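Trainee: Those letters in the sequence shown? Residues 91 to 581, per the working numbering, in order.
Cβ coordinates follow ideal geometry from the N, Cα and C atoms, glycine included.
Source: prediction; values computed, not measured.
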Amino acid sequence: MGKNLTKRSEDYSKWYNELVIKADLAENSGVRGCMVIKPYGYAIWEKMQAELDRMFKETGHQNAYFPLFIPKSYLSREADHVEGFAKECAVVTHYRLKNAEDGSGVVVDPEAKLEEELIVRPTSETIIWDTYRKWIQSYRDLPILVNQWANVVRWEMRTRLFLRTAEFLWQEGHTAHATREEAVAEAVQMMEVYADFAENFMGVPVIKGTKSESERFAGAEETYCIEALMQDGKALQAGTSHFLGQNFAKAFDVKFANKEGKQDLVWATSWGVSTRLMGALVMTHSDDNGLILPPKLAPIQVVIVPIYKGEEELNAISERVDPLVKELRSKGISVKFDNRDTHKPGWKFNEYELKGVPVRLAIGRRDMENGTYEVARRDTLEKETIKGDEVVSRIEYLLEDMQQHIYKKAFDYREAHITTVDSFDEFKEVLENKGGFVSAHWDGTPETEETIKELTKATIRCIPLDAKEEEGKCVYSGKPSMQRVLFAKAY
91 MGKNLTKRSE DYSKWYNELV IKADLAENSG VRGCMVIKPY GYAIWEKMQA ELDRMFKETG
151 HQNAYFPLFI PKSYLSREAD HVEGFAKECA VVTHYRLKNA EDGSGVVVDP EAKLEEELIV
211 RPTSETIIWD TYRKWIQSYR DLPILVNQWA NVVRWEMRTR LFLRTAEFLW QEGHTAHATR
271 EEAVAEAVQM MEVYADFAEN FMGVPVIKGT KSESERFAGA EETYCIEALM QDGKALQAGT
331 SHFLGQNFAK AFDVKFANKE GKQDLVWATS WGVSTRLMGA LVMTHSDDNG LILPPKLAPI
391 QVVIVPIYKG EEELNAISER VDPLVKELRS KGISVKFDNR DTHKPGWKFN EYELKGVPVR
451 LAIGRRDMEN GTYEVARRDT LEKETIKGDE VVSRIEYLLE DMQQHIYKKA FDYREAHITT
511 VDSFDEFKEV LENKGGFVSA HWDGTPETEE TIKELTKATI RCIPLDAKEE EGKCVYSGKP
571 SMQRVLFAKA Y
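#1: I need the straight-line Cα distance from GLU443 to ALA578, nearest angstrom please.
#2: Taking three-plus beta-carbon pairs below 8 Å as touching, is the segment 352-368 in contact with the segment 315-334?
#3: DSSP on MET125, reduced to helix/strand/coil?
#4: Alpha carbon to alpha carbon, how far is GLY335 from MET280? Give it in angstroms, no decimals.
#5: Using the Cα positions of PRO212 and LEU545, report the straight-line distance between them to the nearest angstrom.
#6: Provide the residue(s) that pair with VAL449 in DSSP beta bridges, ordered along the chain.
#7: Quickly, what does DSSP pair TYR667 with across the bridge? List them, please.
#8: Short of 6 Å in beta carbon distance, which residues of its chain neighbour LEU326, apart from the five on each side in sequence? Order them along the chain.
#9: DSSP on ASN118, reduced to helix/strand/coil?
#10: Mapping DSSP to helix, strand and coil, what is THR265?
#11: The beta strand (DSSP E) that contains ALA358, what's its start and end?
#12: Are the segment 109-117 and the segment 229-246 touching by the rule of at least three beta carbon pairs closer than 8 Å?
#13: Grab the span of the beta strand (DSSP E) containing PHE501 for me, first residue to last.
#14: From the DSSP output, in three-state form, read off VAL243 for me.
#15: Where does SER529 land, buried or exposed, given buried means 16+ other C-beta within 10 angstroms?
#16: Kindly identify the DSSP beta-bridge partner or partners of ASN237.
#17: Thinking C-beta only, is ILE542 closer than 7 Å to VAL575?
#18: Rounded to whole angstroms, how far is the Cβ of ILE134 from the Cβ of PRO295, which I believe are closer than 8 Å?
#19: What separation, rounded to the nearest whole angstrom, lies between the Cα atoms of MET145 and ASN290?
#20: Return the residue from the list LYS518, GLY293, ALA266 that minimises the CA-CA distance to LYS386.
#21: For the putative contact between TYR463 and ASP457, defined by C-beta atoms under 8 Å, what is the C-beta separation to the nearest angstrom?
#22: Locate the alpha helix (DSSP H) running through GLU207, then write down its first and last residues.
#23: Should GLY92 go down as buried or exposed, given a rule of 16 or more other Cβ atoms within 10 Å for buried?
Pasting the structure below:
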């Protein structure tokens with residue numbers, strides 16, 4: 091199974107597409123540009139959801155749900171917002187079908203045209219801020235800290251499973267505040283939450299920063315982001331958090347009576363991550379044998395494969411394994427005892443290697459006689475023989491060590507692929523031959539940014555939050571610059 095994958099070094103894109111399908115994460119659907127997330131892939135997404143949901147609630151947020159459909163007129167109220175999403179919108183124009191008179195099937199009933207077209211949500215700022223107008227009258231009603239788990243539609247022409255699909259799953263937080271300072275603090279806090287999740291659960295190191303003006307979310311005054319680096323040297327935006335200022339409050343007339351009794355506009359944020367994180371997870375850690383999953387997000391953390399001849403041997407192994415399974419589960423470790431008689435042990439080893447199960451135990455006749463297990467870890471493929479009374483503590487150690495090891499490996503790769511350059515020739519050479527992030531001076535103009543993008547396909551991924559003031563000259567224009575930014579080719 092896993093051995094049939096295209097090697098990353100031969101064709102990274104093909105390797106990724108094959109792995110997502112062969113590891114049973116997702117597949118293309120009958121609807122162009124949309125995907126079916128299969129049970130194993132969805133189980134990983136559920137673990138992501140659970141951790142993020144816990145983190146959101148610990149920071150005071152509550153979940154709600156808003157409509158899938160947005161009246162077209164709502165999108166035109168915030169000029170930057172509609173311009174940012176207009177080319178990606180799916181539009182509902184009719185509400186009824188009827189049988190064709192010639193019996194050829196169903197057709198749209200021309201008599202059932204909507205008075206106003208409905209947009210299938212590409213994001214929910216407009217419908218939510220129309221709602222907040224009814225919820226907010228006084229400073230006592232603030233802050234509103236709401237999150238929504240939902241699906242959205244953005245009509246993509248070039249799609250790739252998880253990374254870019256016409257419909258995808260995500261969460262979108264939408265908060266309302268009495269002051270600018272509160273809203274900015276909220277946007278920064280959620281960027282930190284995303285970074286915490288990416289690094290400590292996904293094992294993906296990220297750079298925290300802000301977007302350039304041309305890369306900001308449509309309608310935002312500031313976009314905070316976390317940027318990750320994939321194994322092919324391309325960057326991936328892993329999460330964004332937006333300070334929206336009072337733009338949506340103005341557009342939807344959302345005002346409140348402040349403590350002095352005066353009317354004031356509400357301050358806003360929005361923030362989100364999506365199933366694109368699944369793509370980041372696959373591309374950051376996996377190898378030519380299949381997935382490598384961080385133990386904290388693996389649906390199955392430990393699999394036990396019996397090696398036996400006949401039902402009597404299997405029963406004996408099952409009797410030995412049953413207490414171990416119960417003990418591991420009592421410690422919160424997910425474990426599967428694969429006693430299927432439809433596949434041989436070697437096939438199972440391949441399957442679980444492909445699916446990235448962190449720890450595999452094998453037990454056969456010799457192990458039964460010696461009171462041992464063969465233990466293999468997925469990240470390094472190392473095997474060892476462990477005594478039965480030591481196996482639980484060894485598994486606990488391996489799961490923790492793997493979580494740290496895959497993060498460090500990804501971190502070391504990223505650090506080795508941040509290259510500082512001072513000339514445009516260097517800039518192009520690094521992008522072409524090394525990849526990764528290029529740290530370079532930029533004159534701050536969208537014109538230079540666009541020209542660099544046209545010439546190299548590299549964009550400003552972020553202006554790092556920890557960037558120091560440093561006098562220099564723009565790598566392209568030669569004009570003065572006070573700090574370096576990170577460029578990269580990106581997904």
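Mentor: On the basis of the supplied data:
#1: 32 Å
#2: Output reads yes: the segment 315-334 touches the segment 352-368.
#3: Strand at MET125.
#4: 16 Å
#5: Computed Cα separation, rounded: 30 Å.
#6: VAL392, ARG467
#7: The structure shown does not extend to residue 667, since the chain spans only 91 to 581, so no value can be given for it.
#8: ALA318, MET320, ALA370, TYR581
#9: strand
#10: strand
#11: 357-364
#12: no
#13: Careful: PHE501 lies outside any beta strand (DSSP E), inside the alpha helix (DSSP H) at 481-506.
#14: strand
#15: buried
#16: In the DSSP assignment, the residues bridged to ASN237 are ASN153, GLY263.
#17: no
#18: Rounded, the Cβ-Cβ distance is 19 Å, inconsistent with contact.
#19: Across the structure, MET145 and ASN290 are spaced so that their CA atoms are roughly 12 Å apart.
#20: Of the listed residues, the one whose Cα sits closest to LYS386 is GLY293.
#21: 6 Å
#22: Premise fails: GLU207 lies in the beta strand (DSSP E), 203-210, not in any alpha helix (DSSP H).
#23: Its pLDDT being 45, under 50, GLY92 is placed unreliably in this model, and the value from its coordinates should be taken loosely. Under this definition GLY92 is a buried residue.
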